[in-house]
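What follows is a short report on a single structure.
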Amino acid sequence: MAGSPTARRRRLSIELKKLREKSALTCAQVGEALDWSGSKVNRMETGSGRVQPSDIDALCRFYDTSDELREFLKSLARQAKVRGWWQVHGAGVPEWFNIYIGLEQDASTFRQYQCELVPGLMQTEVYASELHKVGAHMSVEDIAKAVRVRMERQAMLRQAQAPDAWFILNEGALRHVIGDRALMREQLERVLEMADLPTVTLQVLPFDSGTRPTTGSFTMLGFPALEDPDIVYRDGITDAVYLEGEHHVREYTRAFDGLRAAALSPQRSALLIKSILKEYT
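Numbering (this note's numbering), first residue to last: 623 to 903.
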């Protein structure tokens, strides 16, 4: 994750609190076990105190976390002023994607452009499973875990405090047949269903939209607290990049606005999806 120390402290605090709650312990109990005060543990979880890499090391060993997660959290504590990105490998749901999920769940605004595939938050279980099967390195259990997490993530769009979500979908993603035509028919029906949610806006970027900036797929997350900067997220096969700097956010916002202006209106987008749906029927 790159950008401000505030964002780093915020993510670190959230992850430390999750680890303690998962262990069903109080701050006082953790402090007693480590010869600390309970208030020190509380300060670490609220971001109101400095967190040393040695503290993270002690906590992660106490919570028995993976080496991956321990090193990631130590990096957050040690490099609070360093702009950069982290590459973490994992099976099923890798650590780097677990971090994204935490950010996604906290977001109040969600902006995503997808140029090849239907957005994960709109995918059916079968569609998501087909995508994961392509990764021959993944076991059946890892695939099932990844798909289950993806389905659970979709609940955020239906909850009372759902984020303001805006999706732009390249027409190619709708015509790219994953599995078979029956699967795609079900998938496009799901897209239309999700587009009807009150906090969701969906636009389709048609093939004849003209020349657009070559950006690739990306997601922009905004948070309710003013001190938490927007984050641009891009992932790959084995890694993810988090960008928080003002320059990055400004340029991706400009790119998203350009895509939004070139895309069909939500109403015309729905009509196009329905016409493609008839082709699959």
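Where a beta carbon is used, it is the ideal one built from N, C-alpha and C, also for glycine. Keep in mind the model is a prediction, meaning the values are calculated, not measured.
In the DSSP assignment, Gln889 forms no beta bridge with any residue. Look at Gln825 here: in three-state DSSP terms it is strand.
Contact between Ser831 and Ala892 does not hold, since the beta-carbon distance rounds to 17 angstroms and is not under 8 angstroms. In the structure shown, the three-state DSSP call for Thr731 is strand.
Between the C-alpha atoms of Glu654 and Ser697 there is a straight-line separation of about 25 angstroms. Residue pairing for Gln736: DSSP places it in a beta bridge opposite Leu791. Taking Asp764 as reference, the option from Gln776, Ala750 and Ser659 with the minimal CA-CA separation is Ala750.
Per DSSP, Met666 is one residue of the alpha helix (DSSP H) stretching across Gly660 to Thr668.
Judged by beta-carbon spacing, Ser659 lies beyond the 8 angstroms limit of Pro846, meaning their Cβ atoms are not closer than that value. Taking C-alpha positions only, Ala680 is separated from Leu843 by approximately 32 angstroms. Closest in C-alpha terms to Arg770, from the list Glu747, Glu873, Val822 and Leu753, comes Glu747. The bridge partners DSSP lists for Phe878 come to none. By the criterion of a C-beta distance shorter than 8 angstroms, Thr668 is surrounded in its chain by Ser635, once the five residues flanking it on both sides are discounted. Taking Leu865 as reference, the option from Leu725, Met666, Pro675 and Ser645 with the minimal CA-CA separation is Leu725. Residue range Ile853 to Asp857 is occupied by the beta strand (DSSP E) that includes Val854, with no alpha helix (DSSP H) assigned at that position.
For Ala766, no beta strand (DSSP E) segment is defined; the enclosing uninterrupted segment is the alpha helix (DSSP H) at Val762 to Arg775. Under the three-state reduction of DSSP, Ala784 is assigned to coil, being neither helix nor strand. The residue from Tyr685, Met744 and Ser661 with its alpha-carbon nearest to that of Glu808 is Met744. For Leu638 and Gln889, the gap between their C-alpha atoms comes out near 44 angstroms. Secondary structure at Ala804: helix, using DSSP grouped into helix, strand and coil. Contact between His754 and Ala768 holds, since their C-beta atoms are separated by about 5 angstroms, short of 8 angstroms.
Residue Leu899 holds the alpha-carbon nearest to the alpha-carbon of Asp802 among Pro785, Leu899, Val663 and Thr860.
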